[in-house]
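Below is one structure, written out as structure tokens; the observations come after it.
In full-length UniProt numbering, the protein residues as written are 1 to 561.
Printed below as a string of structure tokens:
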């Protein structure tokens, strides 16, 4: 007698699989759309995702430096200048810092929120359409005027690629960043932080697979596909935002407030973008590869600034805005001092390290086969001059958000107007009069950032009062002392092992060299900070302890005793 095996009925099995899949989708959605409970949990999510995104971003740069010469990359990076200008005006100027306070103010009134968000989005799309249409037909005249040092085929390709990016990349990035603004206003950071990662992967894959056949067109098309994916990843925010889009334009009180805030901010961004365009114009006069050297050095110094400063600045605005709305000014002032000390404690040693370890850092990030030794040295020098302003640049983002939370965008605008004029004047003087090489542009940039951030801090102190300046100055002085004293052992380790002991023509050995020197430097920095009783060290240790309870969310910032 043959015993038949029991079989699970197909409908039951299918039902079980459906339940498991639904549970998986629901759990994934909860993770990616999770609302953060505190400024540090928000900043932690953003920092982690920026680190991952930056890793892919610098992998993209290294692959580009492997497949293309610095002359080729001048074309690639210059093609982004006009599309980036429009993007910065519409997103950094009109949306990023002005939209979130308006969203928070009206979030408890569904009808007003829908009208405000829909009206702002529709006006943004109209402005985007006008920019794209006008600029597309103006690029044939604009690009030659903006890049006087580029001629012939090089100029033709910049114009062509600029048009492709203007139409194929810009609209998707603008709409995607609008969704990012909604997510950040609701303190949802993870899903929007994934978008740049997908974007960078698209460029890397396109370059790796198609550059041998299509040349520079491969990464350009990779950028366009990446922009589409950038938007697609954030579509779930629409279902979580509880906002019904309406094809309307209503000049509500919220829309009026929005435009009142963005006026100075747009002018600030416009002036800074003009300054960036002048940098392109000047580097085009400095010879082949100068713009790529400037671009690489600038973006490498922006790495720690993005991970620490930009992430913390983005995460801080909703919390600063809420404290101001609730009139909790004592907590507002305490948050400012504590945040500035933590940011500076982290970035001061990074600045020192970037200066003495500049050459191996450039080699590890950009050491592609077609990035020669002269380009490496020039990029390293430029990086060290950029690094001088790194602590100031890092806290700049937090200070500007502090003003935005106070519904004051005019003060940052006026300060930026003055310092950008200083930067532009110094850049023109260094290049056109003194004929300095490309690193001179980094010096002028650093001078202007130091002036800008210092002025913002002084004016913020005068505006709200009650900041403990003596305590702040004493703690910063101790952090600077520890960072400088910790440098020599790590510096001489690099000098001793570079080529004498390790064959640093191989990337893996450069990686080990940097890894060990970083370990030596920062362990000594932490030890000296402990000896000097630097309060920020204890604050960060307290934060790390609280991260063990991350699932419960970090709901407050650790205070100094």
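Backbone N, C-alpha and C define an ideal beta-carbon position, used for all residues, glycine too.
Name the two residues that bound the continuous alpha helix (DSSP H) containing residue i.
i: residue 257; result: 253 to 284
i: residue 86; result: 81 to 87
i: residue 224; result: 217 to 233
i: residue 92; result: Neither: residue 92 is in no alpha helix (DSSP H) and is coded neither H nor E.
i: residue 495; result: 487 to 497
i: residue 69; result: Element bounds for residue 69: n/a, residue is neither H nor E.
i: residue 180; result: 170 to 185
i: residue 352; result: 329 to 356
i: residue 576; result: Residue 576 lies beyond the residue range present for the chain, which begins at 1 and ends at 561; the question has no answer from this structure.
i: residue 393; result: 390 to 405
i: residue 150; result: First-last for residue 150: undefined, no H or E at that position.
i: residue 116; result: 110 to 136
i: residue 379; result: 373 to 387
Please report the distance separating the alpha-carbon of residue i from that of residue j.
i: residue 493; j: residue 191; result: 41 Å
i: residue 417; j: residue 310; result: 21 Å
i: residue 87; j: residue 172; result: 10 Å
i: residue 259; j: residue 251; result: 10 Å
i: residue 482; j: residue 225; result: 46 Å
i: residue 50; j: residue 331; result: 28 Å
i: residue 121; j: residue 215; result: 37 Å
i: residue 300; j: residue 223; result: 20 Å
i: residue 429; j: residue 213; result: 43 Å
i: residue 308; j: residue 193; result: 14 Å
i: residue 501; j: residue 365; result: 22 Å
i: residue 132; j: residue 140; result: 14 Å
i: residue 75; j: residue 393; result: 28 Å
i: residue 289; j: residue 59; result: 19 Å
i: residue 565; j: residue 361; result: Residue numbering for the chain in the displayed model covers 1 to 561; residue 565 lies beyond these limits and cannot be assessed.
i: residue 108; j: residue 271; result: 36 Å
i: residue 505; j: residue 52; result: 26 Å
i: residue 377; j: residue 460; result: 40 Å
i: residue 71; j: residue 182; result: 40 Å
i: residue 237; j: residue 231; result: 11 Å
i: residue 208; j: residue 298; result: 24 Å
Output needed for residue i: all residues of its chain with C-beta closer than 7 Å, excluding positions within five of it in sequence on either side, in chain order.
i: residue 426; result: 444, 447
i: residue 337; result: 467, 468, 472
i: residue 306; result: 50, 54
i: residue 169; result: 83, 223, 224, 227
i: residue 204; result: 56, 59, 60, 63
i: residue 116; result: 102, 106, 252, 254, 255
i: residue 503; result: 509
i: residue 424; result: 275, 278
i: residue 264; result: 409, 410, 413
i: residue 26; result: Here residue 26 scores only 49 on pLDDT, less than 50, and its place in the model should not be relied on; the value that follows carries that caveat. Counting only Cβ-Cβ distances below 7 Å, and skipping sequence neighbours, we find nothing.
Going by the beta-carbon positions, is the gap between residue i and residue j smaller than 7 Å?
i: residue 536; j: residue 341; result: yes
i: residue 119; j: residue 255; result: yes
i: residue 524; j: residue 486; result: yes
i: residue 490; j: residue 520; result: yes
i: residue 420; j: residue 275; result: yes
i: residue 390; j: residue 351; result: yes
i: residue 321; j: residue 405; result: yes
i: residue 354; j: residue 387; result: yes
i: residue 185; j: residue 249; result: no
i: residue 244; j: residue 325; result: no
i: residue 211; j: residue 67; result: yes
i: residue 69; j: residue 370; result: yes
i: residue 128; j: residue 174; result: yes
Please identify the residue among the options whose C-alpha is closest to the C-alpha of residue i.
i: residue 198; options: 176, 429, 185, 215; result: 176
i: residue 247; options: 125, 292, 485, 280; result: 125
i: residue 610; options: 392, 404, 296; result: Residue coverage of the chain in this structure runs from 1 to 561, which leaves residue 610 outside it and unanswerable.
i: residue 373; options: 514, 278, 359, 384; result: 359
i: residue 201; options: 139, 299, 57, 111; result: 57
i: residue 363; options: 114, 293, 442, 182; result: 293
i: residue 77; options: 154, 496, 333; result: 154
i: residue 283; options: 466, 396, 114, 436; result: 436
i: residue 431; options: 505, 287, 375, 369; result: 287
i: residue 302; options: 168, 217, 206, 383; result: 383
i: residue 98; options: 440, 458, 509, 402; result: 402
i: residue 135; options: 165, 107, 151, 115; result: 165
i: residue 515; options: 440, 237, 357, 533; result: 357
i: residue 304; options: 277, 209, 397, 459; result: 397
i: residue 234; options: 70, 245, 528, 179; result: 179
i: residue 291; options: 439, 462, 100; result: 439
i: residue 518; options: 217, 265, 323, 349; result: 349
i: residue 90; options: 195, 245, 266, 157; result: 266
Does the beta carbon of residue i fall short of 6 Å from some heavy atom of the ligand MN?
i: residue 439; result: As presented, the structure is devoid of all ligands, the ligand MN included, so that no description of it is given.
So, at 6 Å on beta carbons, what are the nonlocal neighbours of residue i in its own chain, with the 5 sequence-adjacent residues on each side left out?
i: residue 161; result: 79, 220
i: residue 273; result: 85, 88
Enumerate in chain order the residues of its own chain whose CB-to-CB distance from residue i is below 8 Å, with the five nearest sequence positions on each side excluded.
i: residue 157; result: 75, 79, 216
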